[in-house]
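J.: Right, I'll just put the structure down here and ask away after.
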Amino acid sequence: MATCDVCGEYENLPYQCKRCGKTFCAEHRLPENHDCPGLAEWDDPGGVFDSGFDESVEGNDGGGARGGGGRTVRTGSAGGVIDRVKRRIDRETSTGGFVSFFRNNATYAILAAIWATFVAQLIVFWGISPTLHNTLFVLRPDALGNVWTVVTSVLSHSPVSLYHIIGNSVVILFFGPLVERAVGSKKFVAFFFASGIIAGLGHILFAIATSAPLAGILGASGAGFAILGVLTVWRPNMQVLLFFVIPMKIKYLTWGIALVSAVLVVRSLLAGGGGAAGGIAHLAHLIGFAIGLGFGKRNEGLARSAGGGGGVSMGSARGPRGPGGPGGRF
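Last residue of the sequence shown? That's 330 in UniProt numbering, and every number before it is there in order.
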């Protein structure tokens, strides 16, 4: 059963637009109802079926030729180049274009941003200076004036281990679209960054309040656990595959992880820590999970839209500690 690329509704008899290749329901099947890129060329001299080749073939001179209807057709001039560029921009920003793909699939845009940030981290950390890396990407309690790290830390991951970024990417990839489909792309992006920022700041402020050793923090786990928290409320019996092998209901998985994180947070506090253990900010996990539970409960009416299931590895393979120290990644 296909879903409409505009409204996300399931459609038993989907319509596939031959111009943009997208799939639509009966309500959005007409080009004008789904912002088809073909509409951008309807008034173009070349027509809807313009091949996109050099328009100079339409005239004998460099200034242009007059068509049968008295209309001037620009050929090899700068104006023709500008027209082609405009048409290309229209195509890529319309419903069926490249830019539109990310606009309507915020989960993939976030993942792309995470991996682009990771590449930048590697360049800075290994090629320039670990100190500069921490200044740009790590949320640190002793450098809260670096306000940009409130956001960049959510997209950043340990530059000395792939386990951190791969684990978070798997969670976001498999479960993010379910929440995004229900709440919409814009609201999902706001929810993702808000939960990640609050989880990171909550962990940092708690460490300061308890006089725990100051350590930086980075990672999207707070936002990832918020996504899992939402689905725990909306689809508690959804089947997932632990380590891609062991089937279980998502509510057992998420509450089990939350219980383990809570135990580790208590042990950390008793040892004089700030809610982190083994280089993982477990308190940030709990904060993100709590945000997700609250968001899911508040928006239970959207639960039906969060359809689907999945098999996803939720194991936490621990690699080397990140640059932030004992609480460096989450």
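C-beta: ideal position from N, C-alpha, C; glycine also. Model, not experiment: these values are computed from the prediction.
1) What residue from His133, Ser156, Leu253 has the CA that sits closest to Gly222's CA?
2) Would you decide whether Phe53 is buried or exposed? Buried here means 16 or more other CB atoms lie within 10 Å of its CB.
3) Buried or exposed: which applies to Phe244, given that a residue is buried once 16 or more other Cβ atoms fall within 10 Å of its Cβ?
4) Quick one: grab the DSSP three-state call for Lys18.
5) When burial is assigned at 16 or more other CB atoms within 10 Å of the CB, is Asp5 buried or exposed?
6) Just to confirm, is the Cβ distance from Thr254 to Leu228 under 8 Å?
7) Closest to Leu111 by CA distance: which of Val154, Leu269, Ile123, Trp234 is it?
8) Ordered along the chain, which non-local residues of its own chain (more than five positions away) have a Cβ less than 6 Å from that of Ala258?
9) Across which residues does DSSP place Val240 in a beta bridge pair?
10) Give the secondary structure of residue 331 by DSSP, where H, G and I count as helix, E and B as strand, and everything else as coil.
11) Who pairs with Thr152 in a beta bridge, going by DSSP?
12) Quick check: Ile197 and Val151, are their CB atoms within less than 8 Å of each other?
13) Hey, would you say Ile208 sits closer than 8 Å to Ile217, going by beta carbons?
14) My output table needs one value for Leu139: the three-state DSSP class, helix, strand or coil.
15) If I'm right that Gly202 touches Asn168 with Cβ under 8 Å, what's the distance once you round it to whole angstroms?
16) Could you name the residues that DSSP lists as bridge partners for Phe206?
17) Closest to Ala182 by C-alpha separation, out of Leu132, Tyr15, Asn105, would be which residue?
18) How many Å lie between Val265 and Arg140 at the Cα?
19) Please report the residue range of the alpha helix (DSSP H) in which Leu173 lies.
20) Please confirm if the region 231–244 is in contact with the region 112–132, defined as three or more CB-CB distances below 8 Å between the two stretches.
21) My understanding is that Leu269 touches Thr210, with C-beta atoms under 8 Å, so please give their C-beta distance in whole angstroms.
22) Measure the alpha-carbon distance for Lys297 versus Val230 and round it to whole angstroms.
23) Along the chain, where does the alpha helix (DSSP H) that runs through Val124 open and close?
24) Among Ser161, Glu27, Pro31, which has the Cα closest to the Cα of Lys18?
25) Quick check: Ala113 and Ala199, are their CB atoms within less than 8 Å of each other?
26) If Ala226 and Ser195 are in contact, beta carbons under 8 Å, what's the gap, nearest whole angstrom?
27) Pull up the DSSP beta-bridge partners for Thr23, would you.
T.: Let me spell this out:
1) Ser156
2) Low confidence applies to Phe53: its pLDDT is 45, below 50, so where it sits in the model is not reliable, and the reading given next is rough at best. When all chains shown are included, Phe53 counts as exposed.
3) exposed
4) coil
5) buried
6) yes
7) Val154
8) Phe289
9) Met248
10) The question about residue 331 has no answer here: the residues shown for the chain are numbered 1 through 330.
11) In the DSSP output, where bridge partners are listed per residue, Thr152 has none listed.
12) yes
13) no
14) strand
15) Not a contact, Cβ separation roughly 18 Å.
16) Answer is none; Phe206 lacks a bridge partner.
17) Asn105
18) 19 Å
19) 162–183
20) no
21) 7 Å
22) 8 Å
23) 106–127
24) Pro31
25) no
26) 4 Å
27) Gln16
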